[in-house]
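Asks: Protein chains in written order, with UniProt numbering: chain A, 1 to 811; chain B, 1 to 811.
Below: one structure in structure tokens.
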């Protein structure tokens, strides 16, 4: 953390003095007749201008913007926003402008839209490529397209349409399973099954091992879903390289491999991370965004929205996800741009890789029947089950991840991935609901049983009603007792549900890209379908029950229950239980189903799921992982409800050494250098004198270091030169020998945020959360008592909640 | 503004001392081993407890919550939130709870959901009744349903289905025009036309006059759309009675009357106001919301969302409207509850008065054709036109409203309504596109021309292609040259567009409920349909142009352009230009059209509309009216870009008398009473001494008045009694004669928000906007220099923008 005092050329005082007159406010000042103001006020204004110019110089001198903040530091939103305003003023100042200046203003105004357009296009393209690669890898485990090996099963059979074989087996002549290729013949014998099984296991193991090796050696940040980290970064934390090009590349490559290996994970969470990487990469093309950490985060919010948008094909849901779950600072301008970005991404994705239908959405379904009032009971039940599952999953997964972190297991990430993959594929091949990839399973589970459905899920003991060739008026779902196929399917569903429940706990958090959306949705859909079939059979067995008799009487022999809708509701409930999303989840599901009338079941289930989940485990999986990793995330959603005061939290605590401070005049260069070297604090309060302890301002560590470097470069300055943080500085001080005084007034922030020691912590927390500053000074009647940093607040909150405050990452 | 010092019984010191021990923090304090802290810290804590308890006592003693703030004052969000936290702590404190206490906790936890449920149901019911009433009043101008006069035309004819006459004339035997009733026969002669025309004019005049009289005499706040005021209230301003029961009733009654009189206005904006009234009324049932102005505003945000939700049948759009346009403080919890509220309202509305289709939405349309790439050019053009219209409308309407305000016109509101109604109905009857109510017109304009469309709008010179009886495969829109009917329709469209453009300027702002959504949408739809038909004819005339040749080749003789879509896009553009809504507008339109593929045209048009509108007139109509009326609304969306400092804005300005302050010890009761009487300030800074000018705290005016009243009630206190705002107060001071000292430490806020005089105003504005406090104290090294209130900030902004700062309403 300590910074070396290597000399760097930068003359602050010249920059700031030279640009001082540029601030147009003087005009206003004169016009309001306030020019007779005291000298103090005049000076004040000048000083502020100097300070801002000094900041702006940092931005415009094309300093490496990465050097602005250290890794794992928190950004100062107030300072960044003020830098941006100054940058904007500098571009637009003056009345007469050259053509070039006008172009620059236009470029500046457009760059916000341009950058989100580029991000949207990049995110859409990435998602399209990942989609195609994933599909291919998934089917590669089953077999290969002879003569066109780069095609997945669907494309292979679509190109060589073979109507008869397709209906029979979803397969075609060109597509051959591994048994056929290796054995040279076509069959369904036990040995073929064994060959296919073996090929499946081996290929899956290869995929996951490759993914783990790539992640470990090239981009360790590419692991996990990335959403907790993106959330932390958006809240103002710096994790260098987390959104870099290398992470983008490796995550894009390994995510399809991980999904292809049939592990219980998805590529949707990682897509949010990938889109955020795109956002970061493109933000660097525009200095307005690349060199300002606060503005960059606006762009990253939009990128996260685009990520969800392309993951599911739901632009509005994506924006709301970004708003509700991920983002921290989300002004209206960002909302609109996020929407634009999400839409662009969805459109590009559609042109790169359409899902084969005219709709964007991943699991587009339309149900023909409305839901009935009594169904609200099973829907609420599904919500409760989803909440139970979510709470259980969060607790179990956090326990397992903590165990991994603290035990030797954490040292063998590749081995862990291999073992989990082996267990997963060995157990998942026999059951069709786990052998297929999770998206396909979900898609099958949420569909209605139509007259042309031939799967086990729709095997009811009933004569189907065909009305001639015109199939549009055939009742949507045949109903009746359970057929043998459906009985088998129910067993398989139950086993798949149990298996997915357990294996996902061990999968999420491994050192490969692991998304959580799809596994959660899959667990929920399995659960929902089982409940749905149960309700359907209940209604079929007791058709005269008054609860549903009147509602179902019009369905003449048909079921009035849609098990597919239950799967959809269950999926929402499970995902809600795990992530505690609310509005965005309902909107995503609404966009997927495309019918407003199904919002009520979805909302009911989501509400119950959130209530039950919150009651049993206080936090969602993302917040849990943020806490587990000790990221300094100041939760905005939860209110601070304790009654502590600023004085209780501030440093120094009683017994600790006094605060490191600067006195406004008299300290020598040597003193200051020793001060900087002796600690790693981010800044130092400036006092008027040690006696009065009156607060005068605040100096940032970085500014001080640069100022000291500059002073060193001047020949007349020695180590004994006294420094003056005041406006007036004696030209030469004879009694101090031959050392010339150094004026450092320019680097003082004269208006640090300060609170009284009596201020309740709830106010202080609000100041941190809403203004986004890094530290607050604590004073008592103008005397400095201490300082509270964001980290102190987080430690304090951890302490109050009975956790170890020392695990919060350094700030 | 001045408050009388009437005595009121309330013993603050007892309340606060009695409840001091209840704060559970002491336990934590002891557990962290910090109990050895200095005495100062101990005192601090106690002091804070006392202060909060004092606040809580206000809330829990069932004071009239209206007395908390004066009319036209701004609320202190920080204080309200802290009051709410204390209330919550007081309910949940203690380990062992009685059954009653548990019930109370549960009730408290549920009340948030309960209140939004009730509001949703109330808003839905109101909207349903208003819908039905409006429909009836609209058709009443045309005729009456014989034998069932309370039915509107549609219901009348639906009940007495008469297939032949219906296709012919959209009419039936039971429904009779006024000419038929008065003349006793059925006909289409010139005299009948005159009779119908006259009846139409007379009835419309009656409706609008009745509405104006009701509004003027019973609820003056029921006029206008109400959205600017709701926005101001949500930002923390108090306008007493604006959301009261009386306003709710009168606005609900007069809104259908105003729409029924065929004025160019809608009932959608007023529905937002009506829903907010419902919100306010129901909030009073729950002390948690009714007695806390900040919490009440959370509920009002949800109510506003419900208002838009029921106005158009778009729950998600409603929530986003509330988020984007209306609300100020919108935490995630509110988002989720708003969604619930909006959905409840939409469902209740649907059961009260379904639109006749299975869909919620007001203008539900589905188009059969995708849009083509080259169409983005006319869509962008529509956006530009919408922006031009919007900017022109805002400027013209604000000019007219300012004129009304400053001239004698403002004194004759009823006469104004009558004159405008007369002009409107006289001019609108001859043209079918203005004779019908605007919703019907919009609905007709956005529809595709199908094979069964018989209106003038679909009169093309082309032989229609019928494919036998199976009509599902008939191409959706016949295309060809303009038929005579269409030529007439084009003229009528153009005239209607011009007429609506002009008359809406004079209508919006009259003293009856005037919504702006529907007129704007109507103007846009008229404009869009004209452009759409133009583009269609262009493509029809030059079918071989390379721009559209390839895209249109599959349409074999059919048009590949959908003029209805242009109407939809134009409607969005015009509404966007007027209100500058962005995301919520697109989402509303998306919910209305129900197809993601049409988002791109809508978004493009909205973007261009906003850009053009913002370039030509900097503000939307709502912000314009807020500014016109001088409401103290601190815009959060716009950044403060000036470079002034806190010292430039604070009071006292140079030359002004010094600040009214309190010195912490030595002032007599008489001094304080004189201080309170001499001004209407909201509070007074407390200084340690007049010499040092060091800031010690802040006392609210209201608290001081109550404390003085209490002191008066004690026999030993005289006017000469000295007061002590310090912790320690001498028991009796002999040198002061026989007057006992009064301790007023409990009412001091020891941690007022203070900034340095060097603080840039951008930071101060951010503090006001984000923390929501009422005033900021300005200090220089701990010495009090001045005070900045929200009003000072608003005045300062007005000054910087070259406006009259004195028009901001008192605060």
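Beta carbons: idealized from backbone N, C-alpha and C, even for Gly.
Computed from a predicted structure; not experimentally measured.
Indicate the three-state DSSP secondary structure (helix, strand or coil) for residue 460 (chain A) in the structure shown.
Replies: strand
Asks: Please report the distance separating the alpha-carbon of residue 570 (chain A) from that of residue 562 (chain A).
Replies: 13 Å
Asks: Are any of the Cβ atoms in chain A nearer than 8 Å to that of residue 58 (chain B)?
Replies: Per-residue confidence for residue 58 (chain B) stands at a pLDDT of 39, beneath the threshold of 50, marking its modelled position as unreliable; the derived number appears in the next sentence. Chain A, which has no Cβ nearer than 8 Å to the Cβ of residue 58 (chain B), makes this no.
Asks: Any idea what DSSP makes of residue 75 (chain A), helix, strand or coil?
Replies: Coil, per DSSP.
Asks: Please classify residue 409 (chain B): does DSSP put it in a helix, a strand, or coil?
Replies: helix
Asks: Which of the three DSSP states is assigned to residue 369 (chain A) in this structure?
Replies: Under the three-state reduction of DSSP output, residue 369 (chain A) falls in the coil class, being neither helix nor strand.
Asks: Pull up the CB-CB distance for residue 560 (chain A) and residue 578 (chain A), whole angstroms please, since I reckon it's below 8 Å.
Replies: Residue 560 (chain A) to residue 578 (chain A), Cβ: 31 Å. No contact.
Asks: Alpha carbon to alpha carbon, what distance is there between residue 278 (chain A) and residue 129 (chain A)?
Replies: 14 Å
Asks: If we count the other Cβ atoms within 10 Å of its Cβ and call it buried at 16 or more, is residue 110 (chain B) buried or exposed?
Replies: exposed
Asks: Who does residue 776 (chain B) pair with in a DSSP beta bridge?
Replies: B:788
Asks: Name, in chain order, the residues that DSSP records as bridge partners for residue 754 (chain B).
Replies: Paired residue(s): A:754 and B:777.
Asks: Is the Cβ of residue 339 (chain B) closer than 8 Å to any Cβ of chain A?
Replies: yes
Asks: Specify the secondary structure class of residue 665 (chain B) as computed by DSSP and reduced to three states.
Replies: strand
Asks: Among B:614, B:567, B:97 and B:250, whose alpha-carbon lies nearest the alpha-carbon of residue 395 (chain B)?
Replies: B:614
Asks: Leaving aside the five residues before and after residue 116 (chain A) along the sequence, list all residues of the same chain whose C-beta is less than 6 Å from its C-beta, in chain order.
Replies: 302, 337, 340 and 341
Asks: What did DSSP end up calling residue 570 (chain B) once you bin it into helix, strand or coil?
Replies: helix
Asks: Rank A:756, A:605 and A:92 by C-alpha distance to the C-alpha of residue 750 (chain B) and give the top, closest one.
Replies: A:756
Asks: Taking all protein chains shown into account, decide if residue 728 (chain B) is buried (16 or more other Cβ within 10 angstroms of its Cβ) or exposed.
Replies: exposed
Asks: So with Cβ pairs under 8 Å, would you call residue 82 (chain A) a contact of chain B?
Replies: At least one chain B Cβ lies under 8 Å of residue 82 (chain A).
Asks: Where do the ends of the beta strand (DSSP E) carrying residue 696 (chain B) lie?
Replies: 695-700
Asks: Rounded to a whole number of angstroms, what is the C-alpha to C-alpha distance between residue 369 (chain B) and residue 106 (chain B)?
Replies: 53 Å
Asks: If you follow the alpha helix (DSSP H) that residue 538 (chain A) is in, where does it begin and where does it stop?
Replies: Run containing residue 538 (chain A): 517-541, per the alpha helix (DSSP H) assignment.
Asks: Under the DSSP definition of a beta bridge, which residues are partnered with residue 89 (chain A)?
Replies: Answer is none; residue 89 (chain A) lacks a bridge partner.
Asks: Identify every run of the beta strand (DSSP E) within the stretch 296-341 of chain A, keeping only runs that are complete inside it and at least 3 residues long; order them along the chain.
Replies: For the stretch 296-341 of chain A, not a single whole beta strand (DSSP E) run of length 3 or above is found.
Asks: Under a three-way DSSP split, which group does residue 640 (chain B) fall into?
Replies: coil
Asks: Please name the residue in B:634, B:626, B:768 and B:493 whose C-alpha comes closest to that of residue 567 (chain B).
Replies: B:493
Asks: Expressed to the nearest angstrom, what Euclidean distance is found between the alpha-carbon atoms of residue 808 (chain A) and residue 630 (chain A)?
Replies: Here the alpha carbon of residue 808 (chain A) sits roughly 4 Å from the alpha carbon of residue 630 (chain A).
Asks: Mapping the DSSP letters down to three states, classify residue 804 (chain A) as helix, strand or coil.
Replies: The answer is coil: DSSP assigns residue 804 (chain A) none of H, G, I, E or B.
Asks: Starting from the Cα of residue 619 (chain B), find the closest Cα among B:720, B:153, B:608 and B:635 and give me that residue.
Replies: B:635
Asks: Starting from residue 589 (chain B), find everything on chain A with Cβ-Cβ shorter than 7 Å and list it in chain order.
Replies: Result: empty, since nearest Cβ-Cβ is about 12 Å, beyond 7 Å.
Asks: Indicate whether at least one CB of chain B lies closer than 8 Å to the CB of residue 227 (chain A).
Replies: no
Asks: Could you name the residues of the same chain whose beta carbon sits closer than 6 Å to that of residue 80 (chain A), not counting the 5 residues immediately before and after it, in chain order?
Replies: 292, 293 and 294
Asks: Any heavy atom of the ligand NAP within a distance shorter than 7 Å of the CB on residue 690 (chain A)?
Replies: Here there are no bound small molecules, and the ligand NAP is not part of this structure.
Asks: At a CB distance below 8 Å, what residues from the stretch 527-561 of chain B approach chain A? Give them in sequence order.
Replies: none
Asks: Can you list, in chain order, the residues of the stretch 628-640 of chain B whose Cβ is nearer than 9 Å to any Cβ on chain A?
Replies: 636, 637, 639 and 640
Asks: What does residue 783 (chain A) touch in chain B if you count any residue whose Cβ is under 8 Å from its own?
Replies: Here the neighbours are 782.
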